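Visitor: My questions will all concern the structure given below.
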Amino acid sequence: MYNVSDRVGAGYEALFEALVDVLRAGGMRNAVELERDPVLPDFWKRPDMLLSQTCGYPYLTQLRGQVRLLATPAYAFEGCEGSDYASAIVVRDGGGIATLADARGRTAAANDGASNSGMNALRHAVAPLARDGRFFSGVIWSGSHRASLALVKGGAADLAAIDCVTLGYLRREQPSSLDGISILRYSAPSPGLPFVAGAAVPHALREQLREALLGPAAALAELLPALSIRHFAPCSTHDYERIGMLQAEASALGYSHLA
């Protein structure tokens with residue numbers, strides 16, 4: 000989910016390999032294959048998915064019953080508080096947007112209609128300002144947060160909501176990608192992107208993974224700083240229902256769709 004550079008991608012692969020080592024040490028003998036370019040959300044729905052990270056919005060709306068929550072990373076980036084995260088609502092420098100209200104009638108970029116950070120959080124933020132179910136003149140569905148940033152920088156869009164973890168990694172790995180971009184404000188917080196396992200993964204393996212994340216041994220703990228992960232926290236389905244509350248609050252204001 001946060002594969003913004005080769006170095007970050009390698010860090011997550013090392014983390015996953017360390018978790019598989021924990022399972023191997025516990026007696027697991029199954030073959031494990033790393034899927035580097037999964038087709039989402041199909042991959043998350045595979046019963047034999049041993050481990051992945053997903054977004055809280057598809058978890059809440061599509062995946063409950065098909066995956067099991069393991070633990071949620073607490074990142075050391077601006078906009079994060081414990082295992083909660085927020086979206087940075089960003090604009091182009093000199094674009095004439097000083098407040099969220101100034102973005103009325105402008106164009107938004109959003110990564111995906113099933114994204115909590117790119118769509119749901121932005122919908123919630125602008126809902127109080129919408130009129131007759133509209134706020135923007137249009138929405139460009141970009142496919143990724145980096146693509147949304149490029150659209151804002153290039154002038155094709157005026158505003159986007161960017162996962163603060165993605166923004167933190169980009170600031171560290173590709174700082175020039177944020178040139179000419181300013182943070183207007185942060186969205187309401189919600190639980191971050193959880194690590195999950197497929198429904199067919201045996202309970203004993205899920206518990207080993209959960210325990211390894213919540214109380215990492217030295218070999219695993221030493222991998223976390225490179226990923227700016229402070230620790231992992233236990234989060235329940237009840238916690239993730241806060242994401243649904245953002246949707247419900249926007250709908251109650253007559254703003255059910257980002258528009």
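Counting in numbering that gives the first Met the number 0, the sequence shown runs from 0 upward without gaps.
The C-beta atom is built at its ideal place from N, Cα and C for all residues, glycine as well.
Here the structure is a predicted model, which is why all the values come from computation and not from measurement.
Suppose the cutoff is 7 Å on Cβ atoms and the five residues either side in sequence are ignored; what does the same chain contact list for R170 look like?
Guide: Working through the sequence shown from its first residue, we reach residue 170 at position 171. Taken in chain order, the residues that qualify are L177.
Visitor: Out of curiosity, what's the CA-to-CA distance linking I227 and Y74?
Guide: If you number the sequence shown from 1, residue 227 lands on position 228. If you number the sequence shown from 1, residue 74 lands on position 75. The sequence shown places Ser at residue 227, rather than the Ile named in the question. Going by the C-alpha atoms only, they are around 6 Å apart.
Visitor: I need the boundaries of the alpha helix (DSSP H) containing G167, first residue and last residue.
Guide: Against the sequence shown, residue 167 aligns to sequence position 168. It spans C163 to E172 - the alpha helix (DSSP H) in which G167 sits, taken as one unbroken run.
Visitor: In the DSSP assignment, what residue or residues form a beta bridge with L68?
Guide: Mapped onto the sequence shown, residue 68 falls at position 69. Bridge partners of L68: V195.
Visitor: Do you know offhand how far D20's Cα is from G26's?
Guide: The residue labelled residue 20 in the question sits at position 21 within the sequence shown. The residue labelled residue 26 in the question sits at position 27 within the sequence shown. So the two alpha carbons sit approximately 10 Å from each other.
Visitor: Please state if the CB of P193 and the CB of L264 are separated by a distance shorter than 9 Å.
Guide: No answer is possible for residue 264: it lies beyond the span of the chain, which begins at 0 and ends at 258.
Visitor: Taking 8 Å as the cut-off, does the CB of V3 come closer than this to any heavy atom belonging to the ligand COA?
Guide: With respect to the ligand COA, the structure offers nothing, as it holds no ligand at all.
Visitor: Excluding the 5 residues flanking G104 on each side, which residues of the same chain have their C-beta closer than 6 Å to its C-beta?
Guide: Along the sequence shown, read from residue 1 onward, the residue named residue 104 stands at position 105. Result list for G104: S136, in chain order.
Visitor: Could you give the DSSP three-state label for G104: helix, strand or coil?
Guide: For this step, residue 104 is matched to residue 105 along the sequence shown. Three-state DSSP puts G104 in coil, outside helix and strand.
Visitor: Exposed or buried, which one is L213 when buried takes at least 16 other CB atoms within 10 Å?
Guide: To locate residue 213, count along the sequence shown from 1; it is residue 214. Exposed is the call here.
Visitor: Using the C-alpha atoms, what's the distance from S250 back to A155?
Guide: Taking the first residue of the sequence shown as 1, we reach residue 155 at position 156. Taking the first residue of the sequence shown as 1, we reach residue 250 at position 251. Cα to Cα, A155 sits roughly 28 Å from S250.
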